[in-house]
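J.: All residue numbers for the sequence shown refer to the working numbering, where the first residue is 195 and numbers rise by one.
Yeah, the Cβ is synthetic: ideal placement off N, Cα and C, and Gly gets one too.
Note that the structure is predicted; figures quoted are calculated from it, not measured.
Below are the structure tokens for one structure; questions will follow.
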Amino acid sequence: DRRNVLDKYRYWSVEAIVADLDTKRHKLQIAIENWQHDLNIGSVVRTANAFNVAAVHIVGKRDWNKRGAMVTDRYLKIVHHPTVEDFGTWCKENNLPIIGIDNMPGSTQLESAQLPESCVLLFGQEGAGMSDEALAVCDVLYEINQYGSTRSMNASAAGAIAMYHWALQHLPR
């Protein structure tokens, strides 16, 4: 079995792996805007799988670049929302606060943030960042401190940092 799965899942069917993961999904959910077929979405999905999140939300175009996911999306619940408004409505109906992650004016430091256990971390597009519509649906906006000369980091790297920050607060070590 050459799939990208933990040793304990080798030779299990996809359905059996999903069933096992479903028994221990975390309350964290991830969302990413998809307006430009961003290559980073697959990497964010792969990281979301590593953290066994409850779901990944693709906001915008239904088709997303799956290459970076390395088929890990098969083991996750993927939810599509055609618009930011649809996504925001879904979150309200499910009592999930939307935590935006982007280095925009008005954002505060993620490092000092206490994240809710049940929430959705929302990421924007590589380069452009979060759309005005996405910023408007966020309950709070956090940024990851930059210590070098670059204005921003790769969206998939930011996703990994934010998911790890959540995990440090809510998962046993």
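1. In or out: residue 362 buried (at least 16 other Cβ within 10 Å) or exposed?
2. Would you please state the rounded distance, in angstroms, between the beta carbons of residue 222 and residue 357? I believe it to be under 8 Å.
3. Is residue 313 helix, strand or coil when you go by DSSP?
4. Buried or exposed: which applies to residue 267, given that a residue is buried once 16 or more other Cβ atoms fall within 10 Å of its Cβ?
5. In the DSSP assignment, the beta strand (DSSP E) including residue 334 goes from what residue to what residue?
6. Using the three-state DSSP reduction, which class does residue 227 fall into: helix, strand or coil?
7. Confirm, please, whether the CB-CB distance from residue 263 to residue 317 is below 8 Å.
8. Kindly indicate which three-state DSSP category residue 248 falls into: helix, strand or coil?
9. Could you check whether residue 314 and residue 269 sit closer than 8 Å to each other, using their CB atoms as the reference points?
10. Do you know whose CA, among 359, 320, 216, lies nearest residue 308's CA?
11. In angstroms, rounded to a whole number, what distance separates the CA positions of residue 339 and residue 304?
12. Would residue 331 and residue 282 be called neighbours here (beta carbons separated by less than 8 Å)?
13. Which residue comes first and which comes last in the beta strand (DSSP E) that contains residue 273?
T.: Let me spell this out:
1. Position 168 of the sequence shown, counting from 1, holds the residue named residue 362. Exposed, by the Cβ-count rule.
2. On the sequence shown, position 28 is the one that residue 222 refers to. On the sequence shown, position 163 is the one that residue 357 refers to. Residue 222 to residue 357, Cβ: 7 Å. Contact.
3. Here residue 313 is taken as the residue at index 119 of the sequence shown, counted from 1. The answer is strand: DSSP assigns residue 313 an E or B state.
4. Taking the sequence shown and counting its residues from 1, one reaches residue 267 at position 73. So residue 267 ends up on the buried side.
5. Within the sequence shown, residue 334 is the residue found at index 140, counting from 1. Per DSSP, residue 334 belongs to the beta strand (DSSP E) from 334-337.
6. As a working mapping, residue 227 is identified with position 33 in the sequence shown. In this structure, residue 227 counts as strand in the three-state DSSP scheme.
7. The residue labelled residue 317 in the question sits at position 123 within the sequence shown. The residue labelled residue 263 in the question sits at position 69 within the sequence shown. Cβ atoms of residue 317 and residue 263: not closer than 8 Å.
8. Sequence index remark: in the sequence shown, residue 248 carries index 54 (1-based). Correct three-state label for residue 248: coil.
9. Your numbering for residue 269 matches position 75 in the sequence shown. Your numbering for residue 314 matches position 120 in the sequence shown. Against a cut-off of 8 Å, the Cβ pair of residue 314 and residue 269 comes out as no contact.
10. As a first step, residue 308 is located in the sequence shown; it is residue number 114 there, counting from the start. Nearest option by C-alpha distance: 359.
11. Start at 1 with the first residue of the sequence shown, and residue 339 comes out as number 145. Start at 1 with the first residue of the sequence shown, and residue 304 comes out as number 110. Cα to Cα, the separation comes out at about 8 Å.
12. Locating residue 331 in the sequence shown gives position 137, where the first residue counts as 1. Locating residue 282 in the sequence shown gives position 88, where the first residue counts as 1. Contact flag set, yes.
13. Mapped onto the sequence shown, residue 273 falls at position 79. Its beta strand (DSSP E) spans residues 272-275.
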